[in-house]
Amino acid sequence: MTLPHTPRIEINLAKIAHNAATLVELYGAKNIGLMGVTKTVCGAPEIAQVLLDQGIPMLADSKLVNLKRMREAGIKGSFVYLRSPSLSEVELVIQYADISINTELAVVTKLSEAALVSHTVQNIIVMIEMGDLREGIMPDNLDCFIQEVLTLKGIEIVGIGVNFACFGGVKPDDQKMVDLSLLASMIETKFTLPLSFVSGGNSANYEWFMGATDVGKVNNLRLGESIYLGRETLNRLVIPELYTDAFTFVSEVIESKVKPSMPYGERGQNAFGEVPQFEDRGLMNRVIVGVGNQDVVVAGLTPLIDIEILGASSDHTVINAKDSNLRVGDEVTFNLNYGALLSSMVSPYVTKKYSYVI
Ligand SMILES: *Cc1c(COP(=O)(O)O)cnc(C)c1O
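Residue numbering for the sequence shown follows my numbering, beginning at 103 and increasing consecutively.
Below, the structure is given as structure tokens:
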């Protein structure tokens, strides 16, 4: 079956290229190199190629199937597995990732065994906990961990990294970055181990970077959202000169009627187990678009025209059409936030449409 015309996500590769090139130059001015994070876009090879062409040779993804997808599409990058591997997938990590991030000795030991079987070396970046409380070794245990890893054959420590603002919403501030630099120096000296990557974080590091006169030993960031959506992620402020509309979401009106604004009859739970509250605003111009929470995180969509999303079930989104005069068959376009982008890129129900000019 050919893919339906709607719902679709429109992907402007020229705008993504502009954002990537601008960020490469911005961060490069203080000698910070970038990894392009592709998990946000389901490892789409069309997008990965744009990142490579704009001077981002390293592609990082938290799904091995996405790394596989890019490799099989002939993308010639170096591939980073951006999530600590599970024990059960170490062979696949060896097969598809040039570098993986790690925090567990049991996993690195198994990676070492698998690397030896495949006559290869697995490069690892050791992730350190600095307060956001997702992945990472506690700094006190770092010495010990590195000592152990250095005894393993087939494993090379190529860097250290930290992650912020993903779980705890903790900021990568000056002090955290200074602490990271100190840890890097300590490791380099103590173990005579030059670190190619001191990876300071993600799109949340923008504010720190702009304010920093000296970035210390931090020489790498892993960027997703700011490349795709043009924003930093602590306050979701637009980064100057970047496009925030490289992606747009398009749905189609499947019903357009004047109806009451208050549901009527005895009421229980809705499709998602909630009992939503409504305000009586009298009769309303209402439309339904043929998209729902099964296709995209509807809460992450913002309409480009003056209408209001009232709610969504699995396959329907109900909208207050106000004075827009939307009719059946009309298309409705939305801006997307991170959740909406991620969900629509992985959804088999959403058609991907690429364009090549701004
Ligand atoms: C997702 C992820 C990133 C990218 O984050 P953005 O906010 O999209 O820049 C970087 N590092 C790790 C470990 C991640 O999981």
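We put the beta carbon where it would ideally sit given N, CA and C, even for glycine. This one's a predicted model, so the numbers in the text were calculated from it and none came from an experiment.
From this set, the options, which residue's C-alpha is nearest residue i's C-alpha?
{"i": "Phe351", "options": "Lys454, Ile421 and Asp276", "result": "Lys454"}
{"i": "Val317", "options": "Ile390, Gly413, Phe247 and Asp275", "result": "Asp275"}
{"i": "Thr165", "options": "Asn337, Pro187 and Glu309", "result": "First, the amino acid is wrong: residue 165 is Lys here, not Thr. The residue with the shortest Cα to Cα distance from Lys165 is Pro187."}
{"i": "Ile390", "options": "Ile411, Val399 and Gln379", "result": "Ile411"}
{"i": "Ser449", "options": "Asp397, Thr419 and Val167", "result": "Asp397"}
{"i": "Gly392", "options": "Phe380, Pro378 and Ser415", "result": "Ser415"}
{"i": "Thr315", "options": "Ile262, Glu433 and Met279", "result": "Met279"}
{"i": "Gln277", "options": "Gly313, Phe293 and Ser446", "result": "Gly313"}
{"i": "Asp382", "options": "Leu403, Pro362, Ile257 and Val400", "result": "Pro362"}
{"i": "Leu87", "options": "Val264, Met160 and Thr294", "result": "With the chain covering only 103 through 460, there is no way to say anything about residue 87."}
{"i": "Ser482", "options": "Met103, Thr104, Pro106 and Arg110", "result": "Nothing can be reported for residue 482: it is not among the residues displayed for the chain, which extend from 103 to 460."}
{"i": "Gly326", "options": "Val355, Met364, Cys268 and Asn387", "result": "Cys268"}
{"i": "Pro106", "options": "Asp425, Ile158, Glu354 and Ile196", "result": "Glu354"}
{"i": "Met364", "options": "Gly441, Met240 and Val420", "result": "Val420"}
{"i": "Ala208", "options": "Leu194, Ile196, Ser190 and Val219", "result": "Ser190"}
{"i": "His418", "options": "Thr404, Tyr440, Val126 and Asn395", "result": "Asn395"}
{"i": "Asn121", "options": "Lys212, Glu237, Asp155 and Gly441", "result": "Asp155"}
{"i": "Leu213", "options": "Val228, Val195, Val126 and Ile230", "result": "Val195"}
{"i": "Asn387", "options": "Leu438, Ser426 and Gly402", "result": "Ser426"}
{"i": "Leu161", "options": "Pro147, Phe181, Leu218 and Val167", "result": "Phe181"}
{"i": "Tyr198", "options": "Ile230, Leu252 and Arg173", "result": "Arg173"}
{"i": "Arg171", "options": "Ile158, Pro159, Gly157 and Gln151", "result": "Gln151"}
{"i": "Tyr330", "options": "Ile177, Lys292, Glu250 and Leu443", "result": "Leu443"}
{"i": "Tyr458", "options": "Ala146, Pro405 and Leu115", "result": "Leu115"}
{"i": "Lys292", "options": "Val452, Ser328, Leu252 and Leu403", "result": "Leu252"}
{"i": "Leu125", "options": "Ser328, Glu357 and Ile177", "result": "Ser328"}
List the endpoints of the continuous beta strand (DSSP E) containing residue i.
{"i": "Met137", "result": "Gly135 to Val139"}
{"i": "Arg110", "result": "Arg110 to Asn114"}
{"i": "Ser457", "result": "Thr453 to Ser457"}
{"i": "Ile226", "result": "Gln224 to Met229"}
{"i": "Lys359", "result": "Phe349 to Pro362"}
{"i": "Ile259", "result": "Ile257 to Gly263"}
{"i": "Leu323", "result": "Asn322 to Leu325"}
{"i": "Val300", "result": "Phe299 to Ser301"}
{"i": "Ile239", "result": "That residue, Ile239, is in no beta strand (DSSP E); it is neither H nor E in DSSP."}
{"i": "Val272", "result": "Careful: Val272 lies outside any beta strand (DSSP E) and carries neither H nor E."}
{"i": "Val420", "result": "Thr419 to Asn422"}
{"i": "Ile203", "result": "Ile201 to Asn204"}
Start and end of the alpha helix (DSSP H) containing residue i?
{"i": "Phe293", "result": "Asp276 to Phe293"}
{"i": "Ile196", "result": "Val192 to Tyr198"}
{"i": "Met447", "result": "Tyr440 to Val448"}
{"i": "Gly251", "result": "A small correction: the amino acid at residue 251 is Val; Gly does not occupy that position in the sequence shown. Note, Val251: alpha helix (DSSP H), Leu244 to Leu252."}
{"i": "Val210", "result": "Leu207 to Val219"}
{"i": "Glu309", "result": "Tyr308 to Gly313"}
Nearer than 7 Å: is that true of the beta carbon of residue i relative to any heavy atom of ligand 3?
{"i": "Cys268", "result": "What this structure holds is ligand 1, not ligand 3."}
Would you say residue i reaches chain B, if we count a Cβ-Cβ gap shorter than 8 Å as a contact?
{"i": "Val300", "result": "You won't find chain B in this structure, because it holds only one protein chain."}
Item to check | Inter-stretch contact at 8 Å, needing at least 3 Cβ pairs: the segment 281-293 / the segment 240-248 | outcome: yes
Item to check | Any 3 or more C-beta pairs closer than 8 Å across the segment 301-315 and the segment 368-378 | outcome: no
Item to check | Touch test, the segment 175-185 against the segment 203-219, Cβ-Cβ under 8 Å, three pairs minimum | outcome: yes
Next on the checklist: Tell me whether the segment 134-141 and the segment 337-350 touch, counting them as touching only if at least three CB pairs, one residue from each stretch, are closer than 8 Å.
Outcome noted: no
Item to check | Any beta strand (DSSP E) of 3 or more consecutive residues that is wholly inside the segment 363-412 | outcome: 385-391 and 403-405
Item to check | Secondary structure, beta strand (DSSP E): runs of 3+ residues fully inside the segment 139-191 | outcome: 160-163 and 180-183
Checklist entry - Do the segment 428-439 and the segment 373-381 touch if we need at least three Cβ pairs shorter than 8 Å? => result no
Item to check | Cβ contact check for the segment 255-263 and the segment 211-224: 3 or more pairs under 8 Å | outcome: yes
Checklist entry - Can we say the segment 332-344 touches the segment 292-302, given the rule of at least three CB pairs closer than 8 Å? => result no
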